[in-house]
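The structure appears right after this line, and notes come after that.
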Amino acid sequence: RKEVEQDPGPFNVPEGATVAFNCTYSNSASQSFFWYRQDCRKEPKLLMSVYSSGNEDGRFTAQLNRASQYISLLIRDSKLSDSATYLCVVNSGSSASKIIFGSGTRLSIRP
Amino acid sequence: DTGVSQDPRHKITKRGQNVTFRCDPISEHNRLYWYRQTLGQGPEFLTYFQNEAQLEKSRLLSDRFSAERPKGSFSTLEIQRTEQGDSAMYLCASTRGGLTYEQYFGPGTRLTVT
Numbered sequence: 001r002k003e004v005e006q007d008p009g010p011f012n013v014p015e016g017a018t019v020a021f022n023c024t025y026s027n028s029a030s031q032s033f034f035w036y037r038q039d040c041r042k043e044p045k046l047l048m049s050v051y052s053s054g055n056e057d058g059r060f061t062a063q064l065n066r067a068s069q070y071i072s073l074l075i076r077d078s079k080l081s082d083s084a085t086y087l088c089v090v091n092s093g094s095s096a097s098k099i100i101f102g103s104g105t106r107l108s109i110r111p
Numbered sequence: 112d113t114g115v116s117q118d119p120r121h122k123i124t125k126r127g128q129n130v131t132f133r134c135d136p137i138s139e140h141n142r143l144y145w146y147r148q149t150l151g152q153g154p155e156f157l158t159y160f161q162n163e164a165q166l167e168k169s170r171l172l173s174d175r176f177s178a179e180r181p182k183g184s185f186s187t188l189e190i191q192r193t194e195q196g197d198s199a200m201y202l203c204a205s206t207r208g209g210l211t212y213e214q215y216f217g218p219g220t221r222l223t224v225t
């Protein structure tokens, strides 16, 4: 079983829609969680950290569910520029500094 | 530019040749990571350094791969006797350290083995 699993998508939604992704992780000792965004042929860039209490940044909301070992990302009022691959990232727990990426979820926003 | 830099950006080599990539992290960051990414996949962890110490290596990192960070600043990743399966994007990332794990990535080195 992979340490971090994501639905690869693609998610194809109209502009203005709300879309949500989930990501599951296998190591219950993991403590740090992030969402990264990666545009085609570009490097990943940090979108937001995910805190135990959840956090919101404009149209983006991230939640952590430790009991079920998943994190989620909600994008409201989606824009064409949100089209990208969204990567779920977790520290491995066995070594707090080892950072593991999921395979990513592709999102395509259509006009 | 004070971001993470990688050199070269592209490398084409013939099977069996050795290649070396360089990564310069953000100057005050003491952790440095190497990842490999192939099309349609997320970055796969290869190894990381805390200052000059290499603290963990993935099983993906066969004995043909070696990484160094001799003075705790820049790092090199060498692949010996390259194989076609080594073709990928090699990404470097750095973090400040301590309890901070937000990573900043370089633009990557795209390796093509013919």
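Chains as they are written, first to last, in our numbering: chain Y, 1 to 111; chain P, 112 to 225. Note that the Cβ used here is the ideal one computed from N, Cα and C, for glycine as well.
Residues near residue i by beta carbon distance below 6 Å, same chain, minus five either side
| i | result |
| --- | --- |
| P:P154 | Y146, Q148 and L202 |
| P:E189 | T131 and S177 |
| P:R207 | H140 |
Short CB-CB distance (under 8 Å) between residue i and chain P
| i | result |
| --- | --- |
| Y:G102 | yes |
| Y:I99 | yes |
| Y:L46 | yes |
| Y:F116 | Since the first residue of chain Y shown is 1 and the last is 111, residue 116 of chain Y is not available in this structure. |
| Y:S49 | yes |
Through-space distance from residue j to residue i, alpha-carbon basis
| i | j | result |
| --- | --- | --- |
| P:Q161 | Y:L73 | 30 Å |
| Y:D77 | P:N141 | 38 Å |
| Y:P44 | P:G127 | 30 Å |
| Y:Q63 | Y:T24 | 12 Å |
| Y:V13 | Y:I71 | 21 Å |
| P:M200 | Y:N65 | 32 Å |
Under 9 Å by beta carbon: chain Y residues contacting residue i
| i | result |
| --- | --- |
| P:G217 | E43 |
| P:L222 | None at all; the shortest Cβ gap to chain Y is about 14 Å. |
| P:F185 | Per Cβ cutoff of 9 Å: no residues; P:F185 is ~17 Å from chain Y at best. |
| P:F156 | S92, K98, I99, I100 and F101 |
Short CB-CB distance (under 8 Å) between residue i and chain Y
| i | result |
| --- | --- |
| P:Q161 | yes |
| P:T166 | A small correction: the amino acid at residue 166 of chain P is Leu; Thr does not occupy that position in the sequence shown. Yes, contact with chain Y. |
| P:E213 | yes |
| P:L202 | yes |
Cβ shell of residue i (< 7 Å), same chain only, five flanking positions each side left out
| i | result |
| --- | --- |
| Y:G9 | T105, R106 and L107 |
| Y:G58 | none |
| P:P181 | E163 |
7 Å Cβ cut-off: residues of chain P touching residue i
| i | result |
| --- | --- |
| Y:L87 | G153 |
Proximal chain Y residues relative to residue i, where beta-carbon distance stays under 8 Å
| i | result |
| --- | --- |
| P:Y144 | I99 |
8 Å Cβ shell around residue i - same chain, five flanking residues per side excluded
| i | result |
| --- | --- |
| Y:C53 | What sits at residue 53 of chain Y in the sequence shown is Ser, not Cys. Hits under 8 Å: none found. |
| Y:S97 | N91 |
| P:Y159 | R142, L143, Y144, W145, Q165, L166 and E167 |
Which runs of the beta strand (DSSP E), 3 residues or longer, sit entirely within the stretch 113 to 169 of chain P?
-> Those beta strand (DSSP E) runs which fall completely within the stretch 113 to 169 of chain P and span 3+ residues are 116 to 118, 121 to 124, 130 to 135, 142 to 148, 155 to 161 and 164 to 168.
Beta strand (DSSP E) runs wholly inside the stretch 3 to 75 of chain Y, at least 3 long, in chain order = Listed in chain order, the complete beta strand (DSSP E) runs (minimum 3 residues) inside the stretch 3 to 75 of chain Y are 4 to 6, 11 to 14, 19 to 25, 33 to 38, 45 to 50, 55 to 57, 60 to 65 and 70 to 75.
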